[in-house]
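Residue numbers (the working numbering): 170 to 366. Ideal Cβ positions, reconstructed from N, Cα and C, are used throughout, including at glycine. Notes follow once the structure below has been shown.
Below, the structure written as structure tokens:
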């Protein structure tokens, strides 16, 4: 018995043609061996896509650095928020709260805002680390929040304490967040094919 190399059907040794597919054979038909591609379901186009994803990981150093600073920023923000909330126990701050109208509400808002930003930063960290589709857009939202909240706090502080000046560190922080928003928007726009989950 011969095996057809084209379809794998068995046929008589004396037959010159495969009865199943009609392939022509001379004196001896070659033995049928299924290809590796058929055995394992190999698809070259899928392999090329996988290669692109693996090779694109080489350009993800900024992504890893950003993840590190995101988690550090989240922890720092939560600690700062807790520090704002603990001012109720400090006798000096209790005197300030009684003498300056609105300072207590301002301090509570600062603490809650810092804790909320820290928790959101952890959420963004997890989305980016797991290559979730909404990861880059969550990062943009976080930067926008980190731009708006300090501006609101500066205006609020100016209303409570008219003699206070605009804090240079706050301005630098706002400018840093604007720059990081631009850099990361461009960076993740080029890698949007990786964030598909």
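Residues in its own chain within less than 7 Å of residue i by CB, not counting five upstream and five downstream?
i           : result
residue 296 : 303, 304, 307
residue 223 : Bear in mind that the predicted position of residue 223 carries a pLDDT of just 49, short of 50, making it unreliable; the figure below should be weighed with that in mind. Nothing listed; no residue qualifies.
residue 364 : 300, 301, 302, 304, 305
For the putative contact between residue i and residue j, defined by C-beta atoms under 8 Å, what is the C-beta separation to the nearest angstrom?
i           : j           : result
residue 243 : residue 291 : 5 Å
residue 349 : residue 294 : 15 Å between Cβ atoms; not a contact.
residue 280 : residue 250 : 5 Å
residue 316 : residue 347 : 6 Å
Residue j and residue i - do their beta-carbons sit closer together than 9 Å?
i           : j           : result
residue 329 : residue 257 : no
residue 269 : residue 254 : no
Quick one: give me the first and last residue of the alpha helix (DSSP H) that residue i is part of.
i           : result
residue 183 : First-last for residue 183: undefined, no H or E at that position.
residue 177 : Neither: residue 177 is in no alpha helix (DSSP H) and is coded neither H nor E.
residue 332 : Taken as a continuous stretch (DSSP letters only), residue 332 belongs to no alpha helix (DSSP H), as it is neither H nor E.
Excluding sequence positions up to five away, which residues of its chain have a Cβ less than 8 Å from the Cβ of residue i?
i           : result
residue 192 : 173, 174, 175, 176, 186
residue 361 : 305
residue 231 : 356
residue 353 : 235, 305, 308, 309, 312
Quick one: does the C-beta of residue i sit closer than 8 Å to a heavy atom of the ligand MN?
i           : result
residue 247 : Summarising the ligand content, the structure contains no ligands, and the ligand MN is consequently not present.
Grab me the residues of residue i's own chain with a C-beta within less than 6 Å of its C-beta, minus the 5 sequence neighbours each way, in chain order.
i           : result
residue 180 : 171, 187, 188
Determine, using beta-carbon pairs with one atom in the region 231 to 240 and one in the region 276 to 285, whether at least three such pairs fall under 8 Å.
The region 231 to 240 is not in contact with the region 276 to 285.
Any contact of the region 315 to 324 with the region 335 to 355, i.e. 3+ C-beta pairs under 8 Å?
A contact between stretches requires three or more CB pairs, one per stretch, nearer than 8 Å, and the region 315 to 324 meets this requirement with the region 335 to 355.
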